[in-house]
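Down below is the structure, laid out as structure tokens.
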Amino acid sequence: GYMSPEYAMHGEFSVKSDVYSFGILLIEIICGKKNNFYHQLDGGGYLASYVWNKWRDGTPLKVLDPAIVDSYSRDEVLRCLHIGLLCIQEDPAIRPTMTTVVLMLSSNYFNPPSPQHPAFFIRSRSGGLSIPMKELGSNQST
Numbered sequence: 012g013y014m015s016p017e018y019a020m021h022g023e024f025s026v027k028s029d030v031y032s033f034g035i036l037l038i039e040i041i042c043g044k045k046n047n048f049y050h051q052l053d054g055g056g057y058l059a060s061y062v063w064n065k066w067r068d069g070t071p072l073k074v075l076d077p078a079i080v081d082s083y084s085r086d087e088v089l090r091c092l093h094i095g096l097l098c099i100q101e102d103p104a105i106r107p108t109m110t111t112v113v114l115m116l117s118s119n120y121f122n123p124p125s126p127q128h129p130a131f132f133i134r135s136r137s138g139g140l141s142i143p144m145k146e147l148g149s150n151q152s153t
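Using our numbering, you'd call the opening residue of the sequence shown number 12 and step up by one each time.
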């Protein structure tokens, strides 16, 4: 799975760490790309930041895997992207529980909160531990 930001940076693990991993996997499935995908056309960035930027810009369907472009339900894809973004919020307290995730995935009628800016990480040049963008003092979207 994927390490949550709180575990990677502070060694803190909770049930919300699994929610983070699930959110990354959900986004990878929808996009057909791994989270380490670096998107050159959009100014560069990892998959999570690419998806967030498209969501924020009102063009979330641009992240869709081309292999499913002709066979998807627009509402289902948007719901899954929304849920995925909620799952990868930097603050574990605002991530949904897995019970809530299951309910949101199985219901056509739900009113989830708007996702906030998720945690973004950059790979260090040495290939070591990634550093949260927030801790670099950046308040700009990547």
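For glycine and all other residues, C-beta sits at the position ideal for the given N, C-alpha and C. Quick caveat: nothing in here was measured; it's all calculated off a predicted structure.
Could you pull out every residue in the same chain whose Cβ sits closer than 6 Å to the Cβ of residue i, ignoring the five residues on either side in sequence?
i           : result
residue 95  : 34, 37 and 38
residue 27  : 103 and 106
residue 126 : 96 and 97
residue 15  : 28 and 31
Is the beta carbon of residue j closer than 8 Å to that of residue i?
i           : j           : result
residue 129 : residue 99  : yes
residue 92  : residue 71  : yes
residue 30  : residue 115 : no
residue 74  : residue 61  : yes
Can you tell me which of the three DSSP states residue i falls into?
i           : result
residue 77  : helix
residue 123 : coil
residue 107 : coil
Could you check which residue in the options has the C-alpha nearest to that of residue i?
i          : options       : result
residue 87 : 40, 68 and 63 : 40
residue 47 : 79, 13 and 83 : 13
Counting only the same chain and skipping the five closest in sequence on each side, list residues whose C-beta sits under 8 Å from that of residue i.
i          : result
residue 45 : 39 and 58
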